[in-house]
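A quick write-up on the structure given underneath.
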Amino acid sequence: ALQSVSGKNQDAGLKTYDVVVVGAGFGGMYMLHKLRGLGLSVRVYEQGDGVGGTWYWNRYPGARCDVESMQYSYSFSDELQQEWDWSERYAPQPEILKYANHVADRFNLRPDIQFNTRVDQAVFDEDANTWSVVTSDGKTMAATHVVLATGCLSNARMPDIKGLSSFKGQVYHTGHWPHEPVDFTGQRVGVIGTGSSAIQSVPVIAAQASHLTVFQRTANFSIPARNAPLTPEERNAFRSNYPEIRRKAREEMRNGIFQELPDRGALDDGENERRARYETRWERGGLTFTATYNNIALDKAANDTAADFVRDKIAEIVRDPQTAKLLQPNDHPIGSKRICVDTDYYATFNRPNVTLVDIKSGGIEEIRPSAVRAAGKDYEIDALVLATGFDAMTGSVAKIDIVGRNGRTLNQKWAEGPRTYLGLMTEGFPNLFIITGPGSPSVLSNMIVSIEQHVDWITDCVAYMRDRGFDAIEAKKEAEDKWVAHVNEVAYTTLYPQANSWYMGANIPGKPRIFMPYIGGVGAYRQICNDVAAKGYEGFAMV
Ligand code: N01
């Protein structure tokens with residue numbers, strides 16, 4: 003099948019690949035490695051001039067991964083996980099980028115990656131069962147399969163704020179940070195946004211700037227990271243138990259992060275016992291705070307106990323009562339927006355050179371040549387940092403003109419929100435795979451666990467097709483409809499849809515409100531995907 007398809011396209015004179023992969027982040031790199039293992043011809047297109055995806059673009063001060071390093075790393079090669087030395091509990095961005103480059107070199111990936119090139123268009127040819135792919139360097143090639151490894155948080159969003167282009171100083175977006183170091187010493191800096199990116203960068207910028215003004219629309223819950231150097235003993239504890247730790251992360255943990263899971267709910271304990279348990283997790287630090295009890299994401303009364311605990315902590319840390327009150331989130335359950343992990347975020351508001359401005363009711367009125375105007379006042383600044391987030395999960399896919407069967411584009415199909423079968427494929431777009439797409443656990447999990455699972459599944463699927471002589475695979479409409487309904491149903495058993503989050507598309511004006519990721523957990527999801535494959539790719543049509 004794959005060979006004969008290649009033959010057809012050679013007749014048409016097009017350069018032909020078995021697979022084109024879009025993006026050379028962690029998803030695209032591992033996809034390339036696995037497909038080469040099948041002996042296929044693969045071409046990866048990457049718009050940056052280096053590998054690493056998220057970790058290539060997000061170079062803002064304080065950027066680091068809030069999933070712990072020993073777990074935020076590939077597991078597919080034991081040599082790799084044994085040889086790489088992570089320096090800290092949470093690796094800083096430069097170190098993760100170095101790791102990505104190490105992987106690219108170690109597995110000799112670069113010869114099949116074309117950098118500085120975007121995929122602009124992909125059109126499905128129904129007669130040949132191949133994709134015709136157009137890149138930003140004006141070339142067209144044919145590929146049997148296209149894999150979108152475009153990332154979930156890679157389309158940085160410039161906010162639509164009046165006067166933004168009139169600003170005279172430098173404007174930075176956290177998701178598109180310059181490659182040269184940025185020094186804010188002596189400058190008055192404004193930061194718009196208080197999501198994870200802002201919460202990581204605000205303390206670092208505050209230490210440099212002469213004055214920092216943070217414009218907050220929605221207060222966020224953040225847990226101290228308690229970052230520290232990793233000792234050789236800590237590294238070895240993981241390394242010697244990696245098979246078991248990785249297995250548990252994949253199969254037993256909902257979010258793909260190995261951790262201690264509670265067997266009780268928040269209301270099973272009395273007040274003192276509950277406080278003590280929250281205190282222990284707060285002291286330990288990190289994302290696992292919301293796993294103190296097993297019903298925090300499910301039961302509002304349970305959730306309130308965790309939210310109250312964090313609100314009390316904010317009041318203890320922040321000296322000015324009015325600022326503390328503003329920093330206390332009160333419009334969404336804790337964890338229903340992506341929880342943040344910080345180093346000294348709340349304490350930064352005790353610094354004399356930091357001002358918090360509440361823009362909840364009026365938003366930012368205008369940006370002027372040397373000021374941000376909000377709440378009827380001008381805040382003079384020299385530099386502006388937009389920590390305003392991403393058009394998440396669908397944004398970078400939507401930038402490619404993808405034309406499926408009958409001339410229908412993916413943007414047309416997804417106009418009311420993304421629809422996929424298992425997050426992996428979408429009906430009407432044969433041979434097009436998505437890594438960690440909407441409808442899969444994706445952003446609710448340790449991304450590397452989800453990436454590896456998708457890449458392995460796609461590789462097995464392509465091998466299955468090749469061995470049996472199939473040219474095309476496509477999700478069936480009924481299977482997709484059922485899956486979309488299931489994703490939705492599971493989401494509404496939790497508190498997540500109660501927040502105006504980017505999970506819901508709520509941060510982009512006009513974007514349909516749909517809970518995009520699959521919240522059933524990585525273990526259950528993996529089992530479903532495996533069962534589908536074991537039943538001869540049930541819910542997919544192959545020809
Ligand atoms: O973006 P966000 P982010 N006027 O969308 C505000 C991952 N991540 O880059 O909440 C004024 O969370 C907006 O306000 P509101 C992680 O999954 C991981 O910080 O919409 N304000 C919000 O405060 C994270 O969740 C790490 O009311 C405006 C902020 O900007 C995801 O990336 C590190 C505005 C945007 O917050 C995104 O995080 C960093 C406007 N016009 C990020 N528009 C790790 O460590 C937006 N805002 C793994």
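In the UniProt record's numbering, the protein residues as written are 3 to 545. A virtual CB, placed ideally from N, CA and C, is assigned to each residue, including glycine.
Determine whether the beta carbon atoms of residue i and residue j lie at a separation below 9 Å.
i, j, result
"T187", "A389", "no"
"residue 2", "G378", "The chain is shown only over 3 to 545; residue 2 falls outside these bounds and no answer can be derived."
"P443", "V343", "no"
"I437", "V457", "yes"
"V405", "N131", "no"
"F126", "L434", "yes"
"Q391", "R159", "The sequence given here places Gly at residue 391; Gln does not occur at that position. Yes, the pair counts as a contact, with Cβ atoms nearer than the cut-off."
"D122", "I383", "no"
"A112", "S138", "The sequence shown places Arg at residue 112, rather than the Ala named in the question. No, these two residues do not count as a Cβ contact at 9 Å."
"E97", "I259", "no"
"S224", "V312", "yes"
"G64", "V173", "no"
"G439", "T422", "yes"
"W133", "H104", "no"
"D265", "N296", "yes"
Do you know how far the Cα of residue j is from the Cα of residue i?
i, j, result
"Q202", "V184", "16 Å"
"V387", "R61", "13 Å"
"I115", "R45", "6 Å"
"P511", "I361", "17 Å"
"K484", "E540", "13 Å"
"T56", "K100", "13 Å"
"N11", "S156", "Because the pLDDT of N11 is 47, which lies under 50, any placement of that residue in the model is unreliable, and the number read from its coordinates should be weighed accordingly. Each residue's alpha carbon lies about 32 Å from the other."
"N208", "V193", "According to the sequence shown, residue 208 is Ala rather than Asn. Looking at the two C-alpha atoms, the distance is approximately 10 Å."
"L289", "R91", "13 Å"
"I319", "E246", "39 Å"
"R219", "A151", "32 Å"
"V399", "G272", "48 Å"
"R38", "E454", "15 Å"
"T292", "I298", "7 Å"
"N413", "G15", "29 Å"
"N490", "I516", "8 Å"
"M72", "S452", "16 Å"
"S167", "C154", "27 Å"
"S353", "D314", "Position check: residue 353 holds Arg in this sequence, whereas Ser was assumed. For R353 and D314, the distance between alpha carbons rounds to 20 Å."
"W416", "I521", "20 Å"
"A349", "R321", "9 Å"
"A3", "P420", "Residue placement at A3 is flagged as unreliable, the pLDDT there being 39, under the threshold of 50; a coordinate-derived value is accordingly withheld."
"K513", "G507", "6 Å"
Whose C-alpha, out of the options, is nearest the C-alpha of residue i?
i, options, result
"Y505", "K339, E540 and E382", "K339"
"N229", "V193, A526 and A93", "A93"
"D346", "G337, P331, E429 and I316", "I316"
"V136", "E540, T18, Q455 and V464", "T18"
"A394", "S138, A102 and M518", "M518"
"L269", "Y494, T294, T290 and G337", "T294"
"Q189", "W179, K164 and T215", "T215"
"N493", "A535, L446, S452 and R468", "Just to set this straight, residue 493 is Ala in the shown sequence, not Asn. That would be L446, whose Cα lies nearest to the Cα of A493."
"D310", "V320, Y280 and N296", "Y280"
"T325", "E262, T357 and T307", "T357"
"K141", "A124, D322 and E128", "A124"
"G165", "G54, E236 and E368", "E368"
"Y47", "N118, N305, F351 and I341", "N118"
"A477", "A535, P499 and Q500", "A535"
"A373", "V191, H147, D51 and P264", "V191"
"R410", "S77, E128, R286 and F109", "E128"
"residue 2", "D80, Y74, I341 and F217", "What is shown of the chain runs 3 to 545, which leaves residue 2 out entirely."
Given a threshold of 16 other Cβ atoms within 10 Å of its Cβ, counted over all protein chains shown, does residue i qualify as buried or as exposed?
i, result
"K36", "buried"
"G425", "buried"
"H181", "exposed"
"G27", "buried"
"D333", "exposed"
"G30", "buried"
"R276", "buried"
"H213", "buried"
"R528", "buried"
"R407", "exposed"
"L34", "buried"
"L329", "buried"
"S448", "Note that residue 448 is Asn in the sequence shown here, rather than Ser. Buried."
"T282", "exposed"
Mind checking who residue i pairs with in its DSSP beta bridge?
i, result
"G192", "T215 and L386"
"C342", "S224"
"E90", "P231"
Output yes if chain D places a C-beta closer than 9 Å to the C-beta of residue i; else output no.
i, result
"I475", "Considering every chain present, this structure includes no chain D. It has just one protein chain."
For the ligand PLP, any of its heavy atoms closer than 8 Å to the Cβ of residue i?
i, result
"P180", "Because the ligand PLP does not appear in the structure shown, any question about it cannot be addressed here, the ligands present being the ligand N01."
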